[in-house]
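Protein chains: 2
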Amino acid sequence: MTTPATHRPRRADALSRERIVEAAIEILDRSGEQALTVRALTSHLSTGRGAIYYRVAGMDDLLAAAADEVIRAVTDRAAGDGDPDSALRSLSLGIFDAIDAHPWVGSQLAREPLQPAVLRIWKCIGVQLWELGVRGSATADAGGALANYIFGSAAQFAAGARRARNQAERRRYLDALATAWTEQDAGHIVREAAAELRDHDDRHQFLAGVDIFLSGIKARAK
Amino acid sequence: MTTPATHRPRRADALSRERIVEAAIEILDRSGEQALTVRALTSHLSTGRGAIYYRVAGMDDLLAAAADEVIRAVTDRAAGDGDPDSALRSLSLGIFDAIDAHPWVGSQLAREPLQPAVLRIWKCIGVQLWELGVRGSATADAGGALANYIFGSAAQFAAGARRARNQAERRRYLDALATAWTEQDAGHIVREAAAELRDHDDRHQFLAGVDIFLSGIKARAK
DNA sequence: ACCTGAACACCGTTCAAGT
DNA sequence: ACCTGAACACCGTTCAAGT
Numbered sequence: 001m002t003t004p005a006t007h008r009p010r011r012a013d014a015l016s017r018e019r020i021v022e023a024a025i026e027i028l029d030r031s032g033e034q035a036l037t038v039r040a041l042t043s044h045l046s047t048g049r050g051a052i053y054y055r056v057a058g059m060d061d062l063l064a065a066a067a068d069e070v071i072r073a074v075t076d077r078a079a080g081d082g083d084p085d086s087a088l089r090s091l092s093l094g095i096f097d098a099i100d101a102h103p104w105v106g107s108q109l110a111r112e113p114l115q116p117a118v119l120r121i122w123k124c125i126g127v128q129l130w131e132l133g134v135r136g137s138a139t140a141d142a143g144g145a146l147a148n149y150i151f152g153s154a155a156q157f158a159a160g161a162r163r164a165r166n167q168a169e170r171r172r173y174l175d176a177l178a179t180a181w182t183e184q185d186a187g188h189i190v191r192e193a194a195a196e197l198r199d200h201d202d203r204h205q206f207l208a209g210v211d212i213f214l215s216g217i218k219a220r221a222k
Numbered sequence: 001m002t003t004p005a006t007h008r009p010r011r012a013d014a015l016s017r018e019r020i021v022e023a024a025i026e027i028l029d030r031s032g033e034q035a036l037t038v039r040a041l042t043s044h045l046s047t048g049r050g051a052i053y054y055r056v057a058g059m060d061d062l063l064a065a066a067a068d069e070v071i072r073a074v075t076d077r078a079a080g081d082g083d084p085d086s087a088l089r090s091l092s093l094g095i096f097d098a099i100d101a102h103p104w105v106g107s108q109l110a111r112e113p114l115q116p117a118v119l120r121i122w123k124c125i126g127v128q129l130w131e132l133g134v135r136g137s138a139t140a141d142a143g144g145a146l147a148n149y150i151f152g153s154a155a156q157f158a159a160g161a162r163r164a165r166n167q168a169e170r171r172r173y174l175d176a177l178a179t180a181w182t183e184q185d186a187g188h189i190v191r192e193a194a195a196e197l198r199d200h201d202d203r204h205q206f207l208a209g210v211d212i213f214l215s216g217i218k219a220r221a222k
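These protein sequences, in sequence, are chains A and B.
Numbering follows our numbering, with no gaps: position 128 of the first sequence is 128.
Numbering follows our numbering, with no gaps: position 59 of the second sequence is 59.
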């Protein structure tokens, strides 16, 4: 009865920052953002609550590390992709798809400008803009425009994807909204916009925005 | 000793949704986002915790209502502003300044696509795009591009403004980052971008982004 | 109809104690 | 060096009871 090997064995293999981040991603993917609690994480790793804090500064650090893990895969892939135009497009699409698969990344990207994942994206964009011939202060202007567009879209789509389980509810809401706008404003200006709002495809619209941005860069470069 | 008029008088004036939202804005402005708790709010209004839930669905509803209050002032002002180009520019600037004054609005805008403040901005943009001559599905594409750029920038600047009290820390961080990038990549491509990142002015860069999108929209309209 | 405040079911983080 | 888990100081929300 006093043998030290009991039903709850002390961890055989050592914990590591990587294992913790990996477990966090699993929980986030399976059950969403508000399911990632220290308690859920430590029980998933079958360890004590405090153990995490030995490897990770806190919840913010953990979330940032998890997002960086997902984003790194995207930026690494987009690195050597032919002409800068299509490299920027495929980087954008990669991020979009990553958020589609991991909605929590979308909210996380908008949360903190100096987190690793955000800086990674900035850097990736900066390199391609150079290839595009953008120089000097125009680099920060153009990079900020594209990056912030991506972050804004990411957050909005993430919220949509989070709610996608009951897509019927979303549909109902947008329908109601379109009706409300139509009744409020006599003009067909708003009515048309409301119809578009209801019927658009996220992915297609996201890419259209990237193209608008690229057109803008080139128009101003002349 | 049994008189009902004691040291804690039951509220003389009735609570109202407006009063609650107003109090929430005060707390958010003075002490930031994480200071807005039900406890802080009810003690500020000197009422019981549950009283709020009679007028407001919960914390999400309250935050959305507070943001809408701030944004409405901006969109109302931008409504009749000459040509659509400068109307869109002054709308954007109005939002930027509002976030500068109320950083919590920036984070809130990125949180939920179907909240009143977001829809208000969408609508405002949509009307101006029509004036610009944008029609059909291009409306949603262009509107989404500009709106999501604004939301993304809003969130990033909000985080910056939140941290602005110790601007020295931000400076130090960006310096360190620029150095790290410079050492990591031999090329001056990254070095230049890093320098720009450190020295840029938020407001100016934000406006440059708006112009890039406007240029893009016009280039594609032809 | 509207408000009160105790009760409930949670959080993240710290830290003395263990191995 | 690394882990454990109780303790601490909080949360948002509900709801029976009051006025």
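Every residue, glycine too, gets a C-beta built ideally from N, C-alpha and C.
Look at the region 82-115 of chain B: the residues with a C-beta under 8 Å from a C-beta of chain A are SER107, ALA110, ARG111, GLU112, PRO113 and LEU114.
DSSP, reduced to helix, strand and coil, places ALA24 of chain A within a helical segment of the structure shown. For THR37 of chain B, there is no enclosing alpha helix (DSSP H), as DSSP marks it with neither H nor E.
Fewer than three beta-carbon pairs drawn from the region 126-135 of chain B and the region 122-139 of chain A are found closer than 8 Å, and the two stretches are therefore not classed as touching. In the same chain as GLU69 of chain B, and ignoring 5 residues on each side of it, the C-beta atoms closer than 7 Å to its own belong to VAL21 and ILE25, in chain order. The beta carbon of ALA161 of chain B does not come within 8 Å of any beta carbon belonging to chain A, so the residue lies off that interface. Taking a Cβ-Cβ cut-off of 8 Å, ILE25 of chain A has no neighbours in chain B, whose nearest Cβ is about 22 Å from it.
Per DSSP, the continuous alpha helix (DSSP H) segment holding ARG72 of chain B begins and ends at 59-78. Around the CB of TYR149 of chain A, 16 or more other CB atoms lie within 10 Å, so the residue is classed as buried. The C-beta of THR179 of chain B has fewer than 16 other C-beta atoms within 10 Å across all chains shown, which makes the residue exposed.
Taking the beta carbon of ALA142 of chain A as reference, the chain B residues within 9 Å of it are ALA208, GLY209 and ILE212, listed in sequence order.
Of the residues B:PHE151, B:ALA159 and B:ARG162, the one whose Cα lies closest to the Cα of ILE71 of chain B is B:PHE151. By the neighbour-count criterion, in which a residue is buried when 16 or more other Cβ atoms sit within 10 angstroms of its Cβ, SER92 of chain A is buried. When secondary structure is reduced to three states using DSSP, GLU112 of chain A falls in the coil class, being assigned neither helix nor strand. Three or more beta-carbon pairs drawn from the region 204-214 of chain A and the region 135-144 of chain B are found closer than 8 Å, and the two stretches are therefore classed as touching. Cβ neighbours of THR37 of chain A within its own chain (closer than 8 Å, five residues either side excluded): none. Sorting A:ALA145, A:THR47, A:SER43 and A:ARG30 by C-alpha distance to the C-alpha of LEU15 of chain A places A:THR47 at the top.
DSSP places TYR53 of chain A outside any alpha helix (DSSP H), giving it a letter other than H or E. Residues of the region 15-49 of chain B with a Cβ closer than 9 Å to any Cβ of chain A: none. In the three-state reduction of the DSSP assignment, ASP83 of chain A falls in the coil class. Following the DSSP letters along the chain, one finds LEU146 of chain A inside the alpha helix (DSSP H) bounded by residues 137-162. Annotated three-state conformation of THR47 of chain A is coil, per DSSP. If you draw a straight line from the Cα of GLY133 of chain B to the Cα of GLY50 of chain B, it comes to about 50 Å.
Annotation for ARG120 of chain A: ILE71 and THR75 place their beta carbon closer than 6 Å to its own, counting only its chain and skipping 5 residues before and after. At a cut-off of 8 Å between beta-carbon atoms, ARG220 of chain B makes contact with chain A.
Here the alpha carbons of LEU114 of chain B and ARG162 of chain A stand approximately 13 Å from one another. Its chain contains VAL105, GLN108 and ALA117 as the residues whose beta carbon lies nearer than 6 Å to that of ALA67 of chain B, once the 5 sequence neighbours on both sides are disregarded; these appear in chain order. Neighbourhood of ALA145 of chain A in chain B, by CB distance below 8 Å: TYR149, ALA208, GLY209, ILE212 and PHE213, in chain order. Leaving aside the five residues that flank SER153 of chain B on each side, the residues in its chain whose CB is nearer than 6 Å to its CB run, in chain order, PHE206. Taking ALA23 of chain A as the centre and dropping the five residues before and after it, the same chain places the C-beta of LEU41, HIS44 and LEU45 closer than 7 Å to its C-beta, in chain order. With a threshold of 8 Å between beta carbons, ILE121 of chain B makes no contact with chain A. In this chain, the alpha helix (DSSP H) harbouring SER215 of chain B covers 202-221. In this structure TRP122 of chain A is in contact with GLY143 of chain A, their Cβ atoms being roughly 6 Å apart against a cut-off of 8 Å. In the three-state reduction of the DSSP assignment, ALA14 of chain A falls in the coil class.
Contact annotation: ALA145 of chain B and PHE96 of chain B have beta-carbon atoms that are not nearer than 8 Å.
Taken through DSSP and simplified to helix, strand or coil, LEU174 of chain A comes out as helix.
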